[in-house]
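The numbers in my numbering rise by one with no breaks, and the one at position 2 of the sequence shown is 4.
For reference, the structure is listed below as structure tokens.
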Amino acid sequence: MYTRRRRRYFVLMGGCIVLFVSAWAFVRLWSVPVAIGMCVVAMVIPPVAAMIANARGPDDRWWDDPPGDRSGDRSGDRSGDPKSDEWWDELDGRKKPPPK
3 MYTRRRRRYF VLMGGCIVLF VSAWAFVRLW SVPVAIGMCV VAMVIPPVAA
53 MIANARGPDD RWWDDPPGDR SGDRSGDRSG DPKSDEWWDE LDGRKKPPPK
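Spelled out as structure tokens, the structure:
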């Protein structure tokens, strides 16, 4: 999971570097517009690589998921801090805020 995402990220970023360096090292000698186009493509790759690297896989467990639950339901999740639990209950819509 993590290794696969990391590998995809480095492949995309490596391709970005190859495009950028080759555009201005030797492609510009034949065609400047093609070199500029290659740089535009290289400019789009880093945000896409970051999205792919941070995408949640079907088997990934994230910080806010309880260990045995994949549904995202926080009904049995308690932190041990009553003030924090009350705040999360209010945010999750399980408890009405106290009247002011």
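Ideal Cβ placement from N, Cα and C applies to all residues, glycine included.
In this text the structure is predicted, and so the values were computed from the model without any measurement.
Distance, residue j Cα to residue i Cα
{"i": "residue 17", "j": "residue 94", "result": "42 Å"}
{"i": "residue 6", "j": "residue 101", "result": "49 Å"}
{"i": "residue 26", "j": "residue 20", "result": "10 Å"}
{"i": "residue 96", "j": "residue 8", "result": "37 Å"}
{"i": "residue 83", "j": "residue 24", "result": "56 Å"}
{"i": "residue 92", "j": "residue 56", "result": "28 Å"}
{"i": "residue 34", "j": "residue 22", "result": "13 Å"}
{"i": "residue 12", "j": "residue 31", "result": "28 Å"}
Own chain partners of residue i with C-beta closer than 6 Å, once the 5 adjacent residues on each side are dropped
{"i": "residue 14", "result": "47 and 51"}
{"i": "residue 54", "result": "10"}
Contacts around residue i, its chain only, beta-carbon distance under 8 Å, and the 5 residues preceding and following it disregarded
{"i": "residue 29", "result": "36, 37 and 40"}
Task: alpha helix (DSSP H) runs wholly inside the stretch 22–54, at least 4 long, in chain order - done: none
Open item on the list: Three or more C-beta pairs under 8 Å: does that hold for the stretch 40–49 against the stretch 83–99?
Closed with: no
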